[in-house]
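Student:
There are 2 protein chains.
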Amino acid sequence: MRHLIVNIGQLLTMAGGDRPRRGKEMGAVHPILDGAVLVEDGKIAAAGFKDLVLNDGRARGSRIIDAGGRVVLPGFVDSHSHPVFAAPRLDDFESRIRGKTYEEIAARGGGILSTVDKVRGATQSALTAGLQARAARFIEAGTTTLEAKSGYGLDLDTELKMLRAIETVGSGGPLELVGTLLAAHAVPPEFEGKKDEYVRAVCSEIIPRVAGEGLAKFVDVFCENGYFSVEDARQVLAAGAKAGLRGKVHAEQLSLSGGTQAAVGLNAVSADHLERCAEPDILALAASGTVATLLPGSDYFLSKPYPDARKFIDLGAAVALATDFNPGSCPCWDMRMILSIACTQMRMTPVETLVAATINGAHALGLGATHGSLQAGKAADLVCWEAVDYREIPYFFGASGAAWVMKAGNIVHSKEDIRL
Amino acid sequence: MRHLIVNIGQLLTMAGGDRPRRGKEMGAVHPILDGAVLVEDGKIAAAGFKDLVLNDGRARGSRIIDAGGRVVLPGFVDSHSHPVFAAPRLDDFESRIRGKTYEEIAARGGGILSTVDKVRGATQSALTAGLQARAARFIEAGTTTLEAKSGYGLDLDTELKMLRAIETVGSGGPLELVGTLLAAHAVPPEFEGKKDEYVRAVCSEIIPRVAGEGLAKFVDVFCENGYFSVEDARQVLAAGAKAGLRGKVHAEQLSLSGGTQAAVGLNAVSADHLERCAEPDILALAASGTVATLLPGSDYFLSKPYPDARKFIDLGAAVALATDFNPGSCPCWDMRMILSIACTQMRMTPVETLVAATINGAHALGLGATHGSLQAGKAADLVCWEAVDYREIPYFFGASGAAWVMKAGNIVHSKEDIRL
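If you read the sequences in order, they're chains A and B.
Just so you know, our numbering puts the end of the first sequence at 424, numbered straight through with nothing missing.
Just so you know, our numbering puts the end of the second sequence at 424, numbered straight through with nothing missing.
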């Protein structure tokens with residue numbers, strides 16, 4: 005069965021070369037007015053100007069989907085998230101508002117280790133069900149491929165449990181999931197004061213086992229003062245490379261600790277966060293194949309300074325945007341909201357944010373050849389937006405979270421079947 | 005027909021006295037666990053602990069609505085918006101990102117006067133249709149009562165046209181609209197250099213006519229350097245009072261120009277924006293019946309400093325939160341997003357934001373006796389949230405804006421009927 009999508013008011017295919025768009029190339033994308041897309045067997049058969057697509061012999065006899073003059077884009081590729089957890093951290097949220105520091109929150113039983121505790125105690129089926137429900141929210145928000153990290157287990161069994169939940173949801177539902185092993189997210193309580201020993205366990209035990217079971221494509225490390233050093237990161241990425249897992253690095257989020265240049269030096273697919281990067285780090289990224297993945301949702305939620313996105317772009321880096329969805333610092337599954345933050349708080353242009361959220365996100369997952377743009381042979385992952393101008397996507401912000409709404413005794417909106 | 009809402013995991017009735025909650029009272033609201041609400045003839049018959057409500061003789065024989073253990077709150081009362089316009093200002097949005105100043109944007113044909121131009125050229129039915137579509141978004145986001153301002157006409161006929169659109173949508177649909185005349189929003193081009201003459205026209209012609217037709221409940225004025233002075237504001241509010249319209253004032257948004265104390269002195273129902281308020285202004289509000297309405301969505305969108313919400317609360321003011329929905333500085337219809345911004349950027353606690361968005365919003369519209377809390381005799385305007393803890397409402401942020409989503413050639417989410 006072939007489908008022909010027509011009456012596309014603005015089509016942004018994001019088509020280009022086989023590398024991520026970097027620097028000025030990120031702004032050099034223009035919408036096709038009155039475009040069309042031909043889909044066959046789950047892949048793009050043709051996409052572009054209507055006349056060209058309609059002239060394709062396979063277009064004849066296709067079933068028509070009318071986009072109603074609206075905007076069609078590749079589905080978002082969200083390349084950084086922590087979506088497997090047991091409960092939101094609402095107490096931490098409120099404590100931070102009341103002025104408690106990170107250390108005080110951790111001392112009162114909050115912080116990342118409280119999530120680790122709950123995830124260790126959860127069954128795999130409970131984690132799977134929670135992830136399944138969240139996956140539906142990502143899809144509704146226009147994300148078709150999501151990277152999903154482990155990292156709330158910090159021991160072999162729980163890391164495996166998380167990655168198996170990711171595999172189950174990714175293989176059974178519409179949201180494509182890419183697993184990343186983040187055993188080096190924090191030092192677990194049972195290794196307190198014995199970080200080197202934990203790093204050895206990660207490298208010699210957890211990485212080979214996860215890679216052997218094919219449960220992850222990437223290995224990641226939280227490189228930060230008080231967590232894992234640049235030397236730790238090198239060991240983790242080297243062990244990953246040996247096992248066939250390419251690297252990702254959480255770098256320079258809270259301090260300038262050197263993770264970015266380590267990521268570049270070890271050919272990581274991406275360096276993520278980058279709030280505290282200095283110019284040499286940005287220049288190193290610009291000269292490398294490593295994607296600079298910015299996560300401004302967490303800066304918004306924690307009310308911290310944003311990375312200097314303009315400098316990354318102006319110096320020629322390939323920038324991706326991702327949600328960093330997680331229960332502690334970014335309870336947001338919505339790439340559109342991240343694009344709004346990127347436009348309003350980091351002065352990225354609307355088109356730059358869309359490039360960062362599609363083709364560059366795909367490259368940040370090593371999927372640039374198959375995802376992130378609408379080109380013949382690539383996955384038919386695309387979204388029709390409730391918009392007639394692509395700039396509306398980051399311009400409007402906000403959500404609906406109401407299950408149902410009663411006005412003067414009448415149900416006036418409902419996501420479920422309620423009869424009065 | 006009576007309806008009994010049961011299995012409410014957390015019920016926040018916001019019940020209290022007949023004044024807005026101010027200062028510490030804003031945080032003194034606690035959820036009722038396993039509450040119930042009895043609704044009869046569009047009004048609350050009883051609300052509170054399940055046992056008390058079930059003991060009400062009228063509960064017997066009611067039809068049951070099961071809230072599924074989730075959170076039920078009064079519908080949001082959004083007390084400040086500009087929802088009648090012809091088109092979003094996408095060029096201004098992009099120009100600002102590219103570093104253009106407000107003056108440069110206005111000189112290139114953007115800014116508020118570009119919206120005035122388009123609204124003057126729009127038919128009443130086009131404005132009505134646009135507002136109708138937006139009203140549905142507000143309802144989905146849990147807002148049941150919305151203040152709606154004119155102010156993109158700046159002449160009698162166009163102000164009337166806008167207010168009639170508001171009246172039409174408010175009387176014909178589920179979203180209750182409260183009209184506010186904002187003829188003193190800017191000096192129209194035909195009065196350039198003749199501001200005093202325009203103020204006289206507003207006071208002697210537009211206000212009496214609008215009040216005479218019953219098209220507005222309030223009169224508002226944009227009190228700001230370069231727009232309308234404190235003395236202008238006094239004249240507008242005095243003319244409004246004479247015609248039976250209570251006052252609202254846009255005060256101290258861009259500079260400390262004295263609007264807040266003028267609002268208090270003239271017994272305005274609210275003073276709105278307040279980013280640049282000094283301590284004497286806040287103390288004057290705290291000692292008055294005027295609600296302090298904060299609009300942090302516009303500060304987010306324009307990347308400007310937020311008002312010092314903690315100081316307003318700590319000094320005893322009654323704080324309301326509203327969207328300021330408008331095409332230039334806040335394209336956000338979603339109160340939940342405003343609450344997120346208030347928590348993360350202004351350090352309001354979750355419960356303070358919910359009070360500010362319900363009962364205090366109602367008082368900012370002179371509707372405290374009939375709206376904004378779930379108490380016997382008040383309007384049955386309420387929302388069941390997709391949440392089991394009320395703090396989830398401001399904690400999660402983001403939206404869905406996709407009309408439909410295709411993954412690997414399959415439609416995996418759709419708001420419309422698409423068959424492959």
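Every residue, glycine too, gets a C-beta built ideally from N, C-alpha and C.
Since A152/B is in the beta strand (DSSP E), which residue starts that stretch and which ends it?
Tutor: First-last of the beta strand (DSSP E) with A152/B: T147 to K153.
Student: Counting along the chain, where does the beta strand (DSSP E) carrying A188/A start and finish?
Tutor: Per DSSP, A188/A belongs to the beta strand (DSSP E) from E180 to A188.
Student: Quick one, which of T184/B, P354/B and I143/B has its alpha-carbon nearest A272/B's?
Tutor: When each option's Cα is compared against that of A272/B, the closest is T184/B.
Student: Unbroken alpha helix (DSSP H) runs of length 4 or more, entirely within the stretch 212 to 257 of chain A: which are they?
Tutor: If we require 4 residues or more, the alpha helix (DSSP H) runs fully inside the stretch 212 to 257 of chain A come out as 234 to 247.
Student: Does chain A have any CB closer than 8 Å to the CB of G146/B?
Tutor: It does: the Cβ of G146/B has a partner Cβ on chain A nearer than 8 Å.
Student: Measure the Cβ-Cβ separation of A296/A and A266/A and say whether it is below 8 Å.
Tutor: No, the pair does not count as a contact, with Cβ atoms beyond the cut-off.
Student: Do three or more CB pairs link the stretch 299 to 309 of chain A to the stretch 323 to 342 of chain A at distances below 8 Å?
Tutor: With the cut-off at 8 Å, the stretch 299 to 309 of chain A and the stretch 323 to 342 of chain A touch.
Student: Determine, using beta-carbon pairs with one atom in the stretch 385 to 393 of chain B and one in the stretch 366 to 375 of chain A, whether at least three such pairs fall under 8 Å.
Tutor: No contact exists between the stretch 385 to 393 of chain B and the stretch 366 to 375 of chain A.
Student: Taking Cβ-Cβ distances shorter than 9 Å, what residues in chain B pair up with E180/A?
Tutor: In chain order: K411 and A412.
Student: When the distance is taken between beta carbons, is V123/B closer than 8 Å to F89/B?
Tutor: Their beta carbons are under 8 Å apart, which means F89/B touches V123/B by this criterion.
Student: Counting only runs of 4+ residues fully inside the stretch 253 to 299 of chain B, write out the alpha helix (DSSP H) ranges in chain order.
Tutor: 263 to 269 and 283 to 290, all fully within the stretch 253 to 299 of chain B.
Student: Would you check if there are 3 or more beta carbon pairs closer than 8 Å linking the stretch 108 to 119 of chain B to the stretch 139 to 146 of chain B?
Tutor: No, they do not touch.
Student: Kindly indicate which residue of G27/A, N11/A, A32/A and D200/A has the alpha-carbon position closest to the one of L287/A.
Tutor: When only C-alpha atoms are compared, the closest one is G27/A.
Student: In three-state DSSP terms, what is K411/B?
Tutor: The answer is strand: DSSP assigns K411/B an E or B state.
Student: Compile a chain-ordered list of the residues in the stretch 79 to 94 of chain B whose CB is closer than 9 Å to at least one CB of chain A.
Tutor: Cβ contacts with chain A come from G79, P92, R93 and L94.
Student: Rounded C-beta distance between F305/B and P335/A? I'm assuming under 8 Å.
Tutor: About 21 Å; that fails the 8 Å criterion.
Student: Rounded C-beta distance between H7/B and I69/B? I'm assuming under 8 Å.
Tutor: Confirmed, about 6 Å.
Student: Between the stretch 299 to 316 of chain B and chain A, which residues of the former have CB atoms less than 7 Å from a CB of the latter, in chain order?
Tutor: If the cut-off is 7 Å between Cβ atoms, the stretch 299 to 316 of chain B has Y304, F305 and S307 near chain A.
Student: Using the three-state DSSP reduction, which class does G332/B fall into: helix, strand or coil?
Tutor: Note: G332/B maps to coil in three-state DSSP.
Student: Determine the chain B residues that contact A349/A at a beta-carbon separation under 7 Å, and present them in chain order.
Tutor: Looking at the sequence shown, residue 349/A is not Ala but Gln. Going along chain B in sequence order, the residues near Q349/A (Cβ under 7 Å) are S307.
Student: Suppose the cutoff is 8 Å on Cβ atoms and the five residues either side in sequence are ignored; what does the same chain contact list for P92/A look like?
Tutor: Closer than 8 Å at the Cβ level, and outside the excluded window around P92/A, lie P331 and P335.
Student: P354/B touches chain A at which residues, Cβ-Cβ below 9 Å?
Tutor: Within 9 Å Cβ-Cβ: L94, F97, E98 and I101.
Student: For the ligand HEM, any of its heavy atoms closer than 7 Å to the Cβ of A19/B?
Tutor: For the ligand HEM, the structure offers nothing, since it holds no ligand at all.
Student: So Y399/B contacts chain A; which residues on that side make the cut at Cβ distance below 7 Å?
Tutor: Within chain A, the residues near Y399/B are P92, L94, F97 and P335.
Student: Let me know the secondary structure DSSP gives P354/B once reduced to three states.
Tutor: The answer is helix: DSSP assigns P354/B an H, G or I state.
Student: Under a CB-based cut-off of 8 Å, is H417/B close to chain A?
Tutor: Closer than 8 Å: yes.
Student: Thinking V387/B and L77/B are a contact (beta carbons under 8 Å), I'd like their distance in whole angstroms, please.
Tutor: About 6 Å; that satisfies the 8 Å criterion.
Student: Can you list, in chain order, the residues of the stretch 369 to 386 of chain A whose Cβ is nearer than 7 Å to any Cβ on chain B?
Tutor: Those would be A383, A384, D385 and L386, in chain order.
Student: Quick one: is A403/A near chain B, going by C-beta distance under 8 Å?
Tutor: It does: the Cβ of A403/A has a partner Cβ on chain B nearer than 8 Å.
Student: In chain A, which residues lie with their C-beta within 9 Å of the C-beta of E396/B?
Tutor: In chain order: P92, L94, P335 and G405.
Student: Taking the C-alpha atoms as reference points, what is the distance between A50/B and H375/B?
Tutor: C-alpha separation (whole angstroms): 14 Å.
Student: If you compare alpha carbons, which of A383/B, G157/B, L378/B and L258/B is closest to G20/B?
Tutor: Ranking the options by Cα distance to G20/B, first place goes to L378/B.
Student: Quick one: does D393/A have its CB under 8 Å from some CB of chain B?
Tutor: Judged by the 8 Å Cβ criterion, D393/A is in contact with chain B.
Student: Comparing the C-beta of G46/B with each C-beta of chain A, is any distance below 8 Å?
Tutor: It does: the Cβ of G46/B has a partner Cβ on chain A nearer than 8 Å.
Student: Any idea which residues DSSP pairs C388/A with across the strands?
Tutor: For C388/A, which the question treats as bridged, DSSP gives the partners V76/A and W408/B.
Student: What is the DSSP secondary structure of F53/B, reduced to helix, strand or coil?
Tutor: DSSP places F53/B in strand when its eight states are reduced to three.
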